[in-house]
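In what follows, a single structure is set out as C-alpha cells and then discussed.
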Amino acid sequence: MISAKGAVDIRTGALDNSRNGGIGSNAGITLVAARLDNGQQGRVSAKGLLDANLKGLDQRGGGVLVSETGVTSTSMAARWSTATAA
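Residue 196 in this note's numbering sits at position 36 of the sequence shown; the count goes up by one each step and never skips.
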C-alpha cells in the first residue's frame, strides 16, 4: 500500500499492484511504467488527476483506476486486459 496526502509520482519499469494492492493520494497521481499489474482487486485512486502513462496494463480480476477529477492515459502501446477506468 502506498498512500499520501500530497501528490504521488511513480516512474518504474514494472509495478505489481495486484492482489488487493493500493496506491492512493489525496491529491494527484502520475504513474509512468512499462507494465502495471493491477489485477485481482488492485486499486489506484486519486482525489486529483490520475495521469497514467503505461505501455501495458493488466486489470483482470477487478483492478481499477479511479479519480474524482479525471483519468488520462498516454502511450498505451500494448493491449489493456479488461481495463477499467472510472
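Just so you know, even glycine gets a beta-carbon here, dropped at the ideal spot from N, CA and C.
Under a Cβ-count criterion, where at least 16 other Cβ atoms within 10 Å of its own Cβ denotes burial, should N180 be classed as buried or exposed? Exposed is the label assigned to N180, since fewer than 16 other Cβ atoms lie within 10 Å of its Cβ.
In whole angstroms, what separates the C-alpha of S163 from that of R220? Their backbone Cα atoms lie some 23 angstroms apart in a straight line.
Keeping to the same chain, check which residues put their C-beta closer than 6 angstroms to that of T229; ignore five residues upstream and five downstream. Scanning its chain for C-beta atoms nearer than 6 angstroms, with the 5 sequence neighbours on each side dropped, one finds around T229 the residues G208 and L209, in chain order.
Contact under 8 angstroms by Cβ, A194 with A167: Their beta carbons are not under 8 angstroms apart, which means A194 does not touch A167 by this criterion.
Proximity to K165 [Cα-Cα], best of G184, V226 and R171: The residue from G184, V226 and R171 with its alpha-carbon nearest to that of K165 is G184.
How many whole angstroms separate the CB atoms of D211 and D197, which I take to be in contact at a CB cut-off of 8 angstroms? The pair is not a contact, with the Cβ atoms about 19 angstroms apart (cut-off 8 angstroms).
Quick one: give me the first and last residue of the beta strand (DSSP E) that G230 is part of. According to the DSSP assignment, G230 belongs to the beta strand (DSSP E) that extends over G230 to T234.
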